Each structure stands twice: as C-alpha cells, then as structure tokens.
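Asks:
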Amino acid sequence: MTVTLDTDWADVLAFHAEAGVDVAIGEAAIDRFAESAAEAARARSQPAPPAAKPPAAAQPPRPAAPSLPAPVGPALVNQAPDAAAMAAREAAREARSLEALRAIMEGFEGCALKKTASRLVFADGNPQAQVMFVGEAPGREEDEQGLPFVGRSGRLLDLMLAAIGLDRTRAYIANVIPWRPPGNRTPTPQETAICLPFIRRQIELANPEVLVCLGGPSAQALLGTLEGITRLRGRFMDFDTGTRTVRAIATFHPAYLLRTPAGKRLAWRDMLAVEAALAERAAGASS
C-alpha cells in the first residue's frame with residue numbers, strides 16, 4: 029500500500045484490521061539470533077553443578093502402576109475433504125427449514141474453520157425477501173457479532189441497498205463460507221467445497237426471486253464458472269436450486285469497492301439491473 033502525505037490514516041488502520049492485522053509487534057527489529065548466542069554463552073560460562081552422591085542403599089524397584097483403560101467419550105475424527113463434503117450434502121438435505129439448517133450447521137464438525145472461528149455467521153435480513161445477497165466469508169467484525177456484512181463493507185452494502193430502495197428488512201444476506209478463516213485469509217477450495225452444500229440449501233429454502241453474488245469467489249462457487257468478476261458482473265445467469273431456477277447476477281464485493289472506488293460506477297449499473305428484475309417480477313405477479 030502506498031502511503032502519501034494526504035493518506036486517511038483511519039482508512040489505513042481499518043484496511044489492516046479487516047485483513048486480520050490487529051496486533052502491534054514493535055517499532056524496531058529484534059535480533060533473536062544474537063539473543064540465542066548470548067544465552068548460550070552465559071550457559072557455558074556457568075560452573076557445572078556438583079555430581080549427585082549415590083544413595084546409601086539401593087532401594088527395591090517399585091511395582092509398576094496398573095494401566096488404566098482409556099476414557100470413553102466422543103472422539104474428533106479428521107475427515108478427508110471429499111468425505112466432509114459428502115457429509116455436508118447429506119446433512120444439508122435433511123434441513124426442512126432455515127432454522128433447522130442453522131441448527132445442523134451449528135453441530136457440523138466437518139469443516140476445520142469452525143474450530144478457529146468464534147461463532148457461526150449464518151445470515152441477516154429477511155428470509156422472506158425477494159432478493160438474496162451472498163458474499164464469500166465473514167471478516168473479523170462479522171465473526172465477533174455473528175452477522176454477515178457488519179463492518180465497513182457492510183455499511184457500504186447498506187448504502188447500495190438504499191440506492192435501489194431496499195434495506196435489511198427487504199433483503200436476505202449470507203456468505204458461502206459461514207465461519208471466518210483465520211486472519212481473513214482466502215478460503216481453500218476444499219473449505220469452499222465443504223460449505224457449498226449448506227449455502228445452496230440455504231438459497232433453496234429462502235427461495236428468492238433474484239440472487240446477487242457479491243464478488244468473484246461467491247459467483248464462481250455458486251454459478252460454477254471460472255470467469256473473473258469483471259467478465260461475470262452485470263449479466264443474468266440461471267441458478268438451479270434443485271426445485272426451481274432463480275435469476276442470478278454477480279457484482280463487485282463491497283470490500284473491493286472500498287479499495288477501488290472506480291468500480292462503483294459499474295456496481296451501480298448492476299444494482300439498477302437488480303432493481304429492474306425485482307420490478308419485473310412484481311409486475312408479473314400482480315398481472
């Protein structure tokens with residue numbers, strides 16, 4: 029990141045905090061090799077301790093303690109990614125409601141991200157809404173609050189919603205990955221594959237009229253494409269929920285727009301397309 033004299037330091041600090049850099053290490057480098065060498069030199073300069081005196085009489089050996097059986101209880105088994113993804117598909121298929129799906133995800137142990145995250149970030153907004161927005165993964169603030177898009181990216185998303193007459197009472201918001209990756213790193217393909225059945229089932233149960241993929245990773249995972257977001261954005265595609273086909277469109281992630289404000293012009297076009305699609309659906313339903 030290039031820092032100039034007119035840099036907004038609040039934005040710089042917020043950028044690093046969202047990237048997981050939230051601990052100050054120090055202003056000067058420390059030569060740990062020199063510290064180790066000094067410690068070794070001090071150890072060599074100290075006199076050797078006196079040899080221990082032999083015992084006055086040999087003691088008979090004590091009988092070995094009897095071995096105890098291992099404690100009985102549930103054991104954590106590290107599943108292979110393919111097996112974990114299959115377990116996720118089977119678990120997601122059992123959910124008959126969003127509440128049941130959330131409970132299943134709370135108890136799911138097949139994704140290692142669950143062990144490093146603070147809590148499950150399931151969804152926010154109105155599950156009965158006509159439009160659903162899906163991002164990639166929670167960040168630090170989302171992990172702390174258990175809600176998607178509540179940091180700076182979330183505030184920008186709220187502005188994007190308001191620009192087309194929506195708010196969180198008229199939209200449903202989730203992520204492909206429901207647990208925060210450590211340090212906000214990019215989720216691995218294996219982690220995405222394990223979590224994908226859950227978000228697909230979540231979309232099916234929410235049953236929106238329009239699905240908006242926020243960012244390239246979300247669009248690639250849900251729409252099954254390798255195209256980048258600059259080529260994907262702005263055009264409608266079909267998303268098969270398993271029970272019906274939903275109109276889906278991709279646009280830039282709000283975090284990208286914070287780093288690249290020039291992209292807001294294109295994102296605004298995408299939001300207008302979403303507004304038009306919702307109006308078209310409403311007109312069709314009333315006729």
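Residue numbers (my numbering): 29 to 315. Backbone N, C-alpha and C fix where the C-beta goes; we use that ideal spot for every residue, glycine too. Since this is a predicted model, take the numbers as computed values, not measurements.
Less than 8 Å separating the beta-carbons of P236 and M160?
Replies: Result yes, Cβ atoms of P236 and M160 sit closer than 8 Å.
Asks: With a cut-off of 8 Å on the beta carbons, I'd call F150 and P206 a contact; round off their distance for me.
Replies: Going by Cβ atoms, the distance from F150 to P206 rounds to 6 Å, so yes, they are a contact pair.
Asks: Is the Cβ-Cβ distance between E232 and T197 less than 8 Å?
Replies: It is not a contact, given that the beta carbons lie outside the stated cut-off.
Asks: Starting from the N-terminal side, write out each stretch of the beta strand (DSSP E) that is 3 residues or longer and does not extend beyond the segment 164–230.
Replies: Runs found: 200–203.
Asks: Let me check understanding here. Comparing Cα to Cα, which of T279, V302 and A301 lies closest to G291?
Replies: Nearest of T279, V302 and A301 to G291, Cα basis: T279.
Asks: Under 7 Å Cβ to Cβ from L184, same chain only, skipping five residues before and after it: list those, please.
Replies: Answer for L184: P282, L285 and L286, listed in chain order.
Asks: Inspect the beta-carbon positions of P155 and P166 and report whether they are closer than 8 Å.
Replies: Going by C-beta atoms, P155 is not nearer than 8 Å to P166.
Asks: Span of the beta strand (DSSP E) holding A276?
Replies: Run containing A276: T273 to T279, per the beta strand (DSSP E) assignment.
Asks: Which first and last residues belong to the beta strand (DSSP E) in which D268 is found?
Replies: Element bounds for D268: F264 to D268.
Asks: DSSP three-state call for L242: helix, strand or coil?
Replies: If DSSP states are grouped into helix, strand and coil, L242 belongs with the strands.
Asks: Residue ranges of each alpha helix (DSSP H) run of no fewer than 4 residues wholly in the segment 104–135, ordered along the chain?
Replies: Entirely contained in the segment 104–135, the alpha helix (DSSP H) runs reaching 4 residues are, in chain order, 109–122 and 126–135.
Asks: Return the chain-ordered list of same chain residues with a C-beta closer than 8 Å to the C-beta of G193, the five sequence neighbours on each side being excluded.
Replies: The answer, listed in chain order, is E303.
Asks: Just checking, does the segment 108–118 make contact with the segment 223–231 on the three C-beta pairs under 8 Å criterion?
Replies: Yes, the segment 108–118 touches the segment 223–231.
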